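There are 2 protein chains.
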Amino acid sequence: MKAKFIRLTLVVAFGVASIVRAQDPLPSWNDTAPKKAIIEFVERVTKEGSPDFVKPEERIATFDNDGTLWAEQPIYFQFQFGIDRVKALAAQHPEWKKQKPFRYVLGGDMKALLADGKSMMALMAMSHTGMTTDEFDEHAKEWLRTAKHPKTGRLYTQMVYQPMLELLAYLRANGFKTFIVSGGGVEFMRCFAEQTYGIPPQQVVGSSSKMRYEIRDGKPLLLRLPEVQFIDDKQGKPIGIETFIGRRPIAAFGNSDGDQQMLEWTMGGSGAHFVFIVHHDDAEREWSYDRKSDVGRLDKAWDEAMAKGWTVVSMKNDWKTIFMK
Amino acid sequence: MKAKFIRLTLVVAFGVASIVRAQDPLPSWNDTAPKKAIIEFVERVTKEGSPDFVKPEERIATFDNDGTLWAEQPIYFQFQFGIDRVKALAAQHPEWKKQKPFRYVLGGDMKALLADGKSMMALMAMSHTGMTTDEFDEHAKEWLRTAKHPKTGRLYTQMVYQPMLELLAYLRANGFKTFIVSGGGVEFMRCFAEQTYGIPPQQVVGSSSKMRYEIRDGKPLLLRLPEVQFIDDKQGKPIGIETFIGRRPIAAFGNSDGDQQMLEWTMGGSGAHFVFIVHHDDAEREWSYDRKSDVGRLDKAWDEAMAKGWTVVSMKNDWKTIFMK
């Protein structure tokens, strides 16, 4: 009876082991160098007794959002949300027909709008502040539920990359905590990050506006103010990581110059570490852009990646599938 | 065989159930009203099918630190760290003998130092900024490893409250995520919160200074600057919660007027929620202070607790043990 039990246990154990080994954790990645480098890194830091072993609480992985987890063309999706918000409210604001930047939006002059940083800031302030946190969440969630991407006709939350969803799941299955560290607004990303990426609000680091705490009709509320609190981009990314997470990542993933310092900071850690840059080089299945693009420019970070031997992921060659299934 | 197996399973199951029931999750709490209220709340929000059930990802509990998780008399421990830092560096700075606020520290004039907010700020700036994040961590950890409390002779990390350690563990065992939300410096608290409270760096929210990212000798570093980035106190606490956590707590614990808005914000939530205030009324085993204290003043928040029926924990009557064992 005892022997039989042991035999059965061994059979079950080996069976499970071979199923686990047979399952490809990254099925939407081609068997090219980046996939091999990711798996090799994860195995190295999770193997107890390995010189590169990292304790689970120190397995911090940070992901840029725009262009890394979801697409960012033809314009950052959060800008599109701001533009759509102006259009939705235009009937209540006849004065906007004559006012910058609203008249650019209503007249369809995207070029003038995007060319002028001040216009863009004013548009973002109108659509993101001057309201309570609850009111903002309501608008953003309604937009995410209904707005469609102009090229693909997909919901914006379906413009996320299948290979990156697999990478998030693979890292989490190996004890990593996954964080978003993005130049985008933290309040906007938190409206979909948990459902779409499995990343809870407290693991989303982003740019933020100042707020004011008020009691109105006996109820406390937080009002978003049109003043910048923190910009989580470029040098701001390692600062955001230190402020919000308080621990240096051992893995970081980005796609543009805005991510350069986050990747540098990660590579400067003392233990094992790994980074990659996603290169948008697939005009057919997604978009093709890099050094000269206004959206998600990849220029200085690409040079640093080349100089230092960081992994560069080619969407065209390294990804079997682009968008989530 | 089958009947026997079922009988055995039932015996084991009931055995485990009675062990679990017999184990008191809060043994250092007297069986008074606060303990009953805590347990009743936790059972209500974790019982599936209960109208007050809260999904695990929304079980956010926030704790003030000074005076709630550890003591704060005769002065906030972080101030004592700053003072000790000045003393340690005095030999290298002969000019300090004539300079405010350093001459107060070196001359032992604590009253003058504490009476002057500017002096205190200058002292904190000297001891907390103008250095890299790694350098600061080294000083703070060394101090926490060696400095002793003037009254008890204990290490400062042993000046934490046993009943609160049990509450942290009890909440976590019930699927809560526990956060510190404190007016104290986030970088200082992160040097001991994980080891002492089991709260990892990314779950510590506090006041912070601005930082600068730099490459020095080819290595990236973060420099702490003597400029305030965020003050996580009073109205700042709900703002800090929204900025860092992005979700309203369902439970919050504090001890002073600095916590009033965090407790209000928590009680303003739509689902089940629970808060308490720790009242320092045990002059024999700890300290006794409230409305008139310069450290941890409890005045307005106490009035609000009375008016709204928030639980007030008496250290004298509700806690069997004060400090960690």
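In order, the protein sequence lines correspond to chains D and X.
Residue numbers are given in numbering that gives the first Met the number 0: position 59 of the first sequence equals residue 58, and the series is strictly consecutive.
Residue numbers are given in numbering that gives the first Met the number 0: position 314 of the second sequence equals residue 313, and the series is strictly consecutive.
Ideal placement from N, C-alpha and C gives every residue a C-beta, glycine not left out.
Keep in mind that this is a model prediction, so the values were computed, not measured.
8 Å Cβ shell around residue i - same chain, five flanking residues per side excluded
{"i": "residue 25(D)", "result": "34, 37, 38, 162, 165, 166 and 169"}
{"i": "residue 92(X)", "result": "101"}
{"i": "residue 293(D)", "result": "113"}
{"i": "residue 133(X)", "result": "220"}
{"i": "residue 146(X)", "result": "79, 80, 83, 154 and 155"}
Under 7 Å by beta carbon: chain D residues contacting residue i
{"i": "residue 221(X)", "result": "237, 238 and 241"}
{"i": "residue 255(X)", "result": "Here the premise fails: no neighbours, minimum Cβ distance about 17 Å."}
{"i": "residue 234(X)", "result": "212"}
{"i": "residue 267(X)", "result": "218 and 219"}
{"i": "residue 207(X)", "result": "242"}
Of the residues the options, the one placed nearest residue i, counting alpha carbons only
{"i": "residue 279(D)", "options": "137(D), 270(D) and 301(D)", "result": "301(D)"}
{"i": "residue 203(D)", "options": "29(D), 46(D), 23(D) and 64(D)", "result": "64(D)"}
{"i": "residue 271(D)", "options": "32(D), 145(D), 40(D) and 87(D)", "result": "40(D)"}
{"i": "residue 225(D)", "options": "287(D), 30(D), 135(D) and 60(D)", "result": "135(D)"}
{"i": "residue 83(X)", "options": "109(X), 59(X), 251(X) and 58(X)", "result": "109(X)"}
{"i": "residue 144(X)", "options": "80(X), 241(X), 105(X) and 95(X)", "result": "80(X)"}
{"i": "residue 116(D)", "options": "130(D), 99(D) and 217(D)", "result": "99(D)"}
{"i": "residue 180(D)", "options": "155(D), 243(D) and 218(D)", "result": "243(D)"}
Beta-carbon neighbours of residue i, restricted to chain D and to distances below 8 Å
{"i": "residue 244(X)", "result": "200 and 201"}
{"i": "residue 185(X)", "result": "242 and 245"}
{"i": "residue 48(X)", "result": "Neighbours of residue 48(X) on chain D: none; closest Cβ ~23 Å, over 8 Å."}
Chain X residues whose Cβ lies nearer than 7 Å to that of residue i
{"i": "residue 132(D)", "result": "241"}
{"i": "residue 210(D)", "result": "238 and 241"}
{"i": "residue 263(D)", "result": "219"}
Within chain X, partners of residue i - CB distance below 8 Å
{"i": "residue 303(D)", "result": "Neighbours of residue 303(D) on chain X: none; closest Cβ ~11 Å, over 8 Å."}
{"i": "residue 56(D)", "result": "193 and 199"}
{"i": "residue 72(D)", "result": "Near residue 72(D) there are no residues of chain X at all, since even the closest Cβ is about 27 Å away, more than 8 Å."}
{"i": "residue 260(D)", "result": "212 and 219"}
Contacts around residue i, its chain only, beta-carbon distance under 6 Å, and the 5 residues preceding and following it disregarded
{"i": "residue 247(D)", "result": "268"}
{"i": "residue 315(X)", "result": "280 and 281"}
{"i": "residue 70(D)", "result": "158"}
{"i": "residue 289(D)", "result": "297"}
{"i": "residue 74(X)", "result": "none"}
{"i": "residue 141(D)", "result": "none"}
{"i": "residue 312(D)", "result": "33, 275 and 277"}
Residue burial classification, residue i (beta-carbon count within 10 angstroms, cutoff 16)
{"i": "residue 114(D)", "result": "exposed"}
{"i": "residue 52(D)", "result": "exposed"}
{"i": "residue 255(D)", "result": "buried"}
{"i": "residue 184(D)", "result": "buried"}
{"i": "residue 234(D)", "result": "buried"}
{"i": "residue 261(X)", "result": "buried"}
{"i": "residue 67(X)", "result": "buried"}
{"i": "residue 56(X)", "result": "exposed"}
{"i": "residue 199(D)", "result": "buried"}
{"i": "residue 317(D)", "result": "buried"}
{"i": "residue 58(D)", "result": "buried"}
{"i": "residue 49(X)", "result": "exposed"}
{"i": "residue 232(D)", "result": "buried"}
{"i": "residue 322(D)", "result": "buried"}
{"i": "residue 176(X)", "result": "buried"}
{"i": "residue 304(X)", "result": "buried"}
{"i": "residue 195(X)", "result": "buried"}
Within 9 Å, strictly: CB atoms of residue i and residue j
{"i": "residue 245(X)", "j": "residue 189(D)", "result": "yes"}
{"i": "residue 128(D)", "j": "residue 208(D)", "result": "yes"}
{"i": "residue 61(X)", "j": "residue 250(X)", "result": "yes"}
{"i": "residue 339(X)", "j": "residue 265(X)", "result": "No answer is possible for residue 339(X): the residues shown for chain X start at 0 and end at 324."}
{"i": "residue 241(X)", "j": "residue 214(D)", "result": "no"}
{"i": "residue 236(D)", "j": "residue 257(D)", "result": "yes"}
{"i": "residue 252(D)", "j": "residue 239(D)", "result": "no"}
{"i": "residue 121(D)", "j": "residue 105(D)", "result": "no"}
{"i": "residue 150(D)", "j": "residue 259(D)", "result": "no"}
{"i": "residue 197(X)", "j": "residue 171(X)", "result": "yes"}
{"i": "residue 27(X)", "j": "residue 320(X)", "result": "yes"}
{"i": "residue 222(X)", "j": "residue 123(X)", "result": "no"}
{"i": "residue 31(D)", "j": "residue 174(D)", "result": "no"}
Sequence-distant residues of its chain with Cβ nearer than 7 Å to residue i (five each side left out)
{"i": "residue 77(X)", "result": "183, 184 and 187"}
{"i": "residue 287(D)", "result": "279, 280 and 281"}
Residues that residue i contacts on chain X, provided the C-beta gap is smaller than 9 Å
{"i": "residue 189(D)", "result": "245 and 246"}
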